Amino acid sequence: VVGHQAEEVKSALGEGFEYVYQDKRLGTGDALKQAVSFLRGFKGELVVVPGDAPFITSSMLIELIEHHRQTRPAATVLTALLPDPSYYGRIVMNGYIDGYRQIERIVESKDASSEELEIKEINSGIYCFDNQRLLPLLPHLSRSNKGGEYYLTDVVELLNKQKLRVEAMKVEDPQIVLGVNTPEELKRAWKILGKRK
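In structure tokens form, the structure reads like this:
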């Protein structure tokens, strides 16, 4: 799903992909809604990765998919512990089911209470969904939040209402899930990439 600077993204990735356009930036849930016609009928795991996650590796995505296939939840969310989670969405946990960490909900930082802002476990924005469980929920996303956006994170609560499991898979190296949203974060990303060479 492409939107802002779509032509630059297409040029960088090439012609071997199907591109879906998100004309208005109405949130992550809306971005996925744009792809429903391509996803309808697909049975299997749907991996969602934001475009601003430069450090995610193919091996981490494979690990996420394998974990999801092994434990069979409706969704698996890649999480990390950050000492300063700043603007990241927070993971509100709901204990363990069958030995796996269960997520109650994900709260975006701008919508979080002061108590929720103290949570250090963050949402990476990287998910593995059971596609057939996810797609029927997308029409139920609403824009009733401070950002006026359709949050994909709201799917977690919708799955919980259906008594379906949503698991957290915490990464050991939090750098893997860091996003790039500001010039300062871009500068930090270049430094990290320089050290990895």
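Here UniProt numbering is used: the first residue of the sequence shown is 1, the next is one more, and so on.
Quick reminder that beta carbons are idealized off the backbone N, C-alpha and C, glycines included.
Computed from a predicted model, the values in this text were never measured in an experiment.
- CA-to-CA, the gap between residue 93 and residue 116 works out to about 11 Å.
- DSSP places residue 15 outside any alpha helix (DSSP H), giving it a letter other than H or E.
- With a 10 Å radius around the Cβ and a threshold of 16 neighbouring Cβ atoms, residue 22 comes out buried.
- According to the DSSP assignment, residue 184 belongs to the alpha helix (DSSP H) that extends over 183–196.
- If you check the CB distance, residue 89 and residue 65 do not come in under 8 Å.
- By the Cβ rule, the region 140–157 does not count as touching the region 50–62, because fewer than three pairs are nearer than 8 Å.
- Below 8 Å, too few C-beta pairs join the region 108–125 and the region 133–140 to call them touching: fewer than three.
- With respect to the 8 Å criterion, residue 128 and residue 76 are classified as neighbours on the basis of their beta carbons.
- A straight line joining the alpha-carbon of residue 133 with that of residue 151 spans about 17 Å.
- When beta bridges are read from the DSSP output, residue 29 appears opposite no residue.
- Taking all protein chains shown into account, residue 30 has 16 or more neighbouring C-beta atoms within 10 Å of its C-beta and is therefore buried.
- Per DSSP, residue 165 is not a residue of any alpha helix (DSSP H), being assigned neither H nor E.
- Distance between residue 172 and residue 58, taken at the CA atoms: about 16 Å.
- Of the residues assessed, residue 33 falls on the buried side of the cut-off, its CB having 16 or more other CB atoms within 10 angstroms.
- Each of 178, 60 and 110 was checked against the Cα of residue 124, and the nearest Cα belongs to 178.
- For the pair residue 195 and residue 81, the CB atoms are not nearer than the 8 Å cut-off.
- Annotated as proximal: residue 167 and residue 102, with beta-carbon spacing under 8 Å.
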